[in-house]
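Colleague: Below is a structure I'd like to ask you about.
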Amino acid sequence: MSEESKRREALIYHAKPTPGKIAVVPTKKYATQRDLSLAYSPGVAAPCLEIEKDKEAAYKYTAKGNLVAVISNGTAVLGLGNIGPEASKPVMEGKGLLFKIFADIDVFDIEVDTENVDEFIETVKKIAPTFGGINLEDIKAPEAFEIERRLKEELDIPVMHDDQHGTAIISAAALLNAVEIAGKKLEEVKIVISGAGAAAISCSRLYQACGAKRENMVMLDSKGVIRDDREVLSDEKAEFATHRKIDTLLEAMENADVFIGLSMADIVTPEMLLVMAENPIVFAMANPNPEIKYQLAVDTRKDIIMATGRSDHPNQVNNVLGFPFIFRGALDVRATKINEAMKMAAVRALAKLAKEPVPEQVNIAYGETRLTFGKNYIIPKPFDPRLIAEVPPAVAKAAMESGVAKQPITDWERYKDSLLQRLGSDNKLVRLLLNRAKLAPKRIVFAEADQLDVLKAAQIVHDEGIAIPILLGRKETILSLMKDIEFDADILIVDPKEEEENERKNKYAKVYWEQRKRRGVTYYSAQRLMRERNYFAAMMVNEGDADGLISGYSRNYPTVVKPMLELIGLAKGISRAATTNLMMTKRGPLFLSDTSINIDPTAKDLAKITQMTSKVVQMFGLEPVMAMVSYSNFGSSINDRASKVREAVSFLHRHYPEMIVDGELQTDFALNDEMLREKFPFSKLVGKKVNTLIFPNLDSANITYKLLKELNEAESIGPIMMGMRKPVHILQLGANVDEIVNMAAIAVIDAQHKEKWEVEHAELK
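Numbering (our numbering), first residue to last: 23 to 787.
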């Protein structure tokens, strides 16, 4: 994709369908006149009077306790510099988005039109009663230091300038672990810091708090080494000025143990790395391009421990590991500030988490067999679901112990459970899905690439590195549409109806005819079928010319399923295919089976569908907790439709006792643990969060998933085909672009999974 196309895509993303990235959503009922009279006049007077008597009651009756202001004057925005308050707003909205999706914290972004320190501080102080916390953002140094210092002193709510402290906290956690892996001691290592802005100063101070010695630090700015004999120095730079008579980065790097880069791209050379001490630690954190390219660094020094700010290399130092969880912990104990003890608690929690066994969900997301503590894993991954349950409690405890918590927590297990529940509506699983696909892209046939939405999805898949798309359809139409959407890429386009494909069509026809000639298929009819896109696409996969396919956008489901069952067929040991849909609901991911194929499955079919669904859930890195649902509960009806579910459950309990599955259950009991515990305490599902529903027939499954999709706006991924010999996935008629992209990722992951299975079983033979 050209730079202009990327620019246009970014503008469209921010403009459509609604400008901006965040919105205000009601949290109370508002359907009736009674609701409105409670929400506003006259009912709203009651909480107003309570707050008048005690200002702390605002935390009880308003959203203050979960509301953070992201405030900037736009003087130091990302790598863009002083672009002003209006231009900074997209970044501030983006920060609000991250607060919400990682820690369920609501945000108002506020852009202040002043570069005067006193005016800025006064503005923030006047609006502070609205908020439970203040996140200062993108304010240039040295003003940022004074603004944060004074606001922390003059306000009684948490205040943090993330540009300073976010990078400091994350990199400090990484540094503690890197020093340990290198077999060194923090109080002895020599540290070079390239950069002298707010982040660099804060990092250096926090490293000292962790044990590093100031006399072992050398800091550089744009003029070179900051020496104590330089004539003009700010207070912050003077704090880290060295007495050593050196001037250049190369001189500073000699025998250094650690390099901290918070400056600009490509200023570190291989020569500089070679003069560093044994087992050097290099954190090249300039964004988007580090001080030295990752591959160049690791090729230069095999003993290097390397981190960057980028997600496409190991050890990403990313502020999102810090600020959402630090504010979460601070808000939850109603802290009056974010102090050094709380920051240090976050450092220790992050460092400790990297040493613990990594959940399979994270391994899957990053395509690792097993992430383990070591030089390529010194800091947790941003998608690690444990962050929300580990960092906020550590911060909250530190707030309590340091005397700044107004509302202490007493039941820590309950608090951790509540934190995990907060992220039920998050779409992390989609991000994990796409990331995993990118690690080993496969050749996926888009069988209807002459449809605009399908082609748009193929473009995203190509540009994002999710898959290697093969475009199947009318070539002239595809080329015309590619021109319209600026899809300029060297990509394979296949038109089964063109003469240039005759050789391949005849080859496919012969293979198909040989397989089915005793079932009434003639060679001529086989040739004719190969002109049809779904037959041709299926044969591409069968013959190894592609790794998987997606189809179904413009054709009804049964029409597309037929050739797939005929040509691809079922996997070994599978007697019936099925589908599951992954719904991204407010309570978290929920798998629904069977949504598309089996109209009225038998008890045996239901048991097999449950087994196949279990494997798909595991493929996503989740532990399957499965309810087999019906209109009855545990034998309350003797009707055949309920008894077949009981029979399937009984079979699974006998033959697969380790499987977490139970039923038959009504859906509300399956999803409401309190109801289930009260009425059916013997159930295997008690105390567990059900993430999979197995339905007794196609009617109930299909209706449920479409109701969830349309009424609750739950994102749907699927139907995911189960039981097929090759990766084949069929879209719902008229699927949107995002759904097609997600299904392409599913096809890639399916291909990865099947390839791994084949390799493992080949080794066993």
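Backbone N, C-alpha and C define an ideal beta-carbon position, used for all residues, glycine too.
Identify the residues that DSSP records as bridge partners of residue 687: which are they?
Modeller: Against the sequence shown, residue 687 aligns to sequence position 665. Its beta-bridge partners are 651.
Colleague: If you count every other CB in all the chains shown that lies within 10 Å of the CB of residue 448, and 16 or more means buried, which is it?
Modeller: Translated into the one-based positions of the sequence shown, residue 448 becomes position 426. The predicted position of residue 448 is uncertain, since its pLDDT is 47 and thus under 50; no value can be drawn from it.
Colleague: Based on the DSSP output, what are the partners of residue 611 in its beta bridges?
Modeller: One-based indexing of the sequence shown puts residue 611 at position 589. The partner list for residue 611 (beta bridge, DSSP) reads 606.
Colleague: Tell me, please, whether the region 279-291 touches the region 255-263 by the rule of three or more beta-carbon pairs shorter than 8 Å.
Modeller: Output reads no: the region 255-263 does not touch the region 279-291.
Colleague: Hey, how far is the Cα of residue 98 from the Cα of residue 162?
Modeller: In the sequence shown, the residue the question calls residue 98 occupies position 76. In the sequence shown, the residue the question calls residue 162 occupies position 140. Looking at the two C-alpha atoms, the distance is approximately 5 Å.
Colleague: Given this structure, state the Cα-to-Cα distance separating residue 557 from residue 490, to the nearest angstrom.
Modeller: For the purposes of this step, residue 557 is taken as the residue at position 535 of the sequence shown. For the purposes of this step, residue 490 is taken as the residue at position 468 of the sequence shown. Taking the straight line from one Cα to the other gives about 20 Å.
Colleague: Which residue comes first and which comes last in the beta strand (DSSP E) that contains residue 118?
Modeller: In the sequence shown, residue 118 corresponds to position 96, counting from 1. From DSSP, residue 118 is part of no beta strand (DSSP E) but of the alpha helix (DSSP H) over 107-125.
Colleague: Return the first residue and the last residue of the alpha helix (DSSP H) that residue 328 is part of.
Modeller: As a first step, residue 328 is located in the sequence shown; it is residue number 306 there, counting from the start. Not the alpha helix (DSSP H): residue 328 falls in the beta strand (DSSP E), residues 327-330.
Colleague: Judging by CA-CA distance, which residue of 370, 395, 645 and 41 is the nearest neighbour of residue 380?
Modeller: Start at 1 with the first residue of the sequence shown, and residue 380 comes out as number 358. Checking every option, the nearest Cα to that of residue 380 belongs to 395.
Colleague: Going by the DSSP bridge assignment, what does residue 241 pair with across the sheet?
Modeller: One-based indexing of the sequence shown puts residue 241 at position 219. DSSP lists 215 as partners of residue 241.
Colleague: Once DSSP output is grouped into helix, strand and coil, what is the label at residue 439?
Modeller: Counting from one through the sequence shown, the residue named residue 439 turns up at place 417. Residue 439 falls in the helix class under three-state DSSP.
Colleague: Can you look up residue 502 in the DSSP assignment and give me helix, strand or coil?
Modeller: In the sequence shown, the residue the question calls residue 502 occupies position 480. Of the three classes helix, strand and coil, the one that applies to residue 502 here is helix, per DSSP.
Colleague: Name the residue from 332, 331, 333 and 295 whose alpha carbon lies nearest to the alpha carbon of residue 320.
Modeller: As a first step, residue 320 is located in the sequence shown; it is residue number 298 there, counting from the start. Of 332, 331, 333 and 295, the residue nearest in Cα terms is 295.
Colleague: Which residue from 256, 680, 679 and 707 puts its Cα closest to that of residue 691?
Modeller: The count along the sequence shown starts at 1 and reaches residue 691 at position 669. Comparing Cα-Cα distances from residue 691 to each of 256, 680, 679 and 707, the minimum goes to 707.
Colleague: Looking at C-alpha atoms only, which residue of 151, 575 and 28 is the closest neighbour of residue 84?
Modeller: As a position in the sequence shown, residue 84 is number 62, starting the count at 1. Closest option to residue 84, Cα to Cα, is 151.
Colleague: Among the candidates 577, 291, 312 and 326, whose CA atom is the shortest distance from the CA of residue 300?
Modeller: The count along the sequence shown starts at 1 and reaches residue 300 at position 278. Looking at the Cα atoms, 326 is the closest of the given residues.
Colleague: Quick one: Cα of residue 202 to Cα of residue 141, how far?
Modeller: Within the sequence shown, residue 202 is the residue found at index 180, counting from 1. Within the sequence shown, residue 141 is the residue found at index 119, counting from 1. The alpha-carbon atoms of residue 202 and residue 141 are separated by roughly 45 Å.
Colleague: Give a yes or no on whether the C-beta atoms belonging to residue 495 and residue 471 are separated by under 8 Å.
Modeller: As a position in the sequence shown, residue 495 is number 473, starting the count at 1. As a position in the sequence shown, residue 471 is number 449, starting the count at 1. Against a cut-off of 8 Å, the Cβ pair of residue 471 and residue 495 comes out as a contact.
Colleague: Run through DSSP, which three-state label would residue 636 get?
Modeller: Counting from 1 along the sequence shown, the entry for residue 636 is found at position 614. In the structure shown, residue 636 sits in a helix (DSSP, three-state: H, G or I).
Colleague: Note down the Cα distance separating residue 463 from residue 486, rounded to an integer number of angstroms.
Modeller: Working through the sequence shown from its first residue, we reach residue 463 at position 441. Working through the sequence shown from its first residue, we reach residue 486 at position 464. If you take the alpha carbons of residue 463 and residue 486, they lie about 10 Å apart.
Colleague: Give the single residue among 599, 414, 94 and 443 whose Cα lies nearest to the Cα of residue 431.
Modeller: Counted from its first residue, the sequence shown places residue 431 at position 409. The shortest C-alpha separation from residue 431 is found at 414.
Colleague: How about residue 301: is its C-beta nearer than 8 Å to some C-beta of chain C?
Modeller: In the structure shown, chain C cannot be found, because there is only a single protein chain.
Colleague: In this structure, what does DSSP give as the bridge partners for residue 738?
Modeller: Stepping through the sequence shown from its first residue, residue 738 is reached at position 716. Its beta-bridge partners are 605.
Colleague: What first and last residue would you give for the alpha helix (DSSP H) that runs through residue 525?
Modeller: Counted from its first residue, the sequence shown places residue 525 at position 503. Here the alpha helix (DSSP H) through residue 525 covers 524-538.
Colleague: Quick one: what does DSSP say residue 573 is sitting in, helix, strand or coil?
Modeller: By 1-based counting over the sequence shown, the position of residue 573 is 551. Looking at residue 573 - three-state DSSP - the assignment turns out to be strand.
Colleague: By alpha-carbon positions, which one of 89, 465, 666 and 352 ends up nearest to residue 422?
Modeller: Locating residue 422 in the sequence shown gives position 400, where the first residue counts as 1. Checked all of 89, 465, 666 and 352; the closest Cα to residue 422 is 352.
Colleague: Assuming the contact rule is C-beta atoms closer than 8 Å, residue 627 and residue 598 should be a hit. Round their C-beta distance to whole Å, please.
Modeller: Position 605 of the sequence shown, counted from the start, is the residue given in the question as residue 627. Position 576 of the sequence shown, counted from the start, is the residue given in the question as residue 598. Right, their Cβ atoms sit about 6 Å apart.
Colleague: Give the DSSP bridge partners of residue 81, in chain order.
Modeller: Here residue 81 is taken as the residue at index 59 of the sequence shown, counted from 1. DSSP, once it has assigned bridges, lists no residue as partnering residue 81.
Colleague: Going by DSSP in three states, residue 380 sits in which element: helix, strand or coil?
Modeller: Looking up residue 380 in the sequence shown gives position 358. Here residue 380 sits in coil by DSSP.
Colleague: Please classify residue 399: does DSSP put it in a helix, a strand, or coil?
Modeller: Translated into the one-based positions of the sequence shown, residue 399 becomes position 377. Residue state, collapsed to three classes: strand.
Colleague: CB-CB under 6 Å to residue 364, same chain, minus the five flanking residues each way: which ones, in chain order?
Modeller: One-based indexing of the sequence shown puts residue 364 at position 342. If we look at residue 364 and ignore the five residues flanking it on each side, its Cβ neighbours are 417, 420 and 421.
Colleague: Would you report the Cα separation of residue 769 and residue 185, rounded to the nearest angstrom?
Modeller: Numbered from 1 along the sequence shown, position 747 holds the residue referred to as residue 769. Numbered from 1 along the sequence shown, position 163 holds the residue referred to as residue 185. Distance between the alpha carbons of residue 769 and residue 185: 39 Å.
Colleague: From the DSSP output, in three-state form, read off residue 448 for me.
Modeller: In the sequence shown, residue 448 corresponds to position 426, counting from 1. Annotation note: pLDDT 47 at residue 448 (below 50); position unreliable, coordinate value reported separately. In the structure shown, residue 448 sits in coil (DSSP, three-state: anything other than H, G, I, E or B).
Colleague: Look at the Cβ atom of residue 189, then the Cβ atom of residue 234, and state whether they are nearer than 8 Å.
Modeller: Here residue 189 refers to the residue found at position 167 when the sequence shown is read from its first residue. Here residue 234 refers to the residue found at position 212 when the sequence shown is read from its first residue. No, the Cβ-Cβ distance between residue 189 and residue 234 is not below 8 Å.
Colleague: Should residue 42 be labelled buried (16 or more other beta-carbon atoms within 10 Å of its own) or exposed?
Modeller: Taking the sequence shown and counting its residues from 1, one reaches residue 42 at position 20. Exposed: under 16 other Cβ atoms inside 10 Å.
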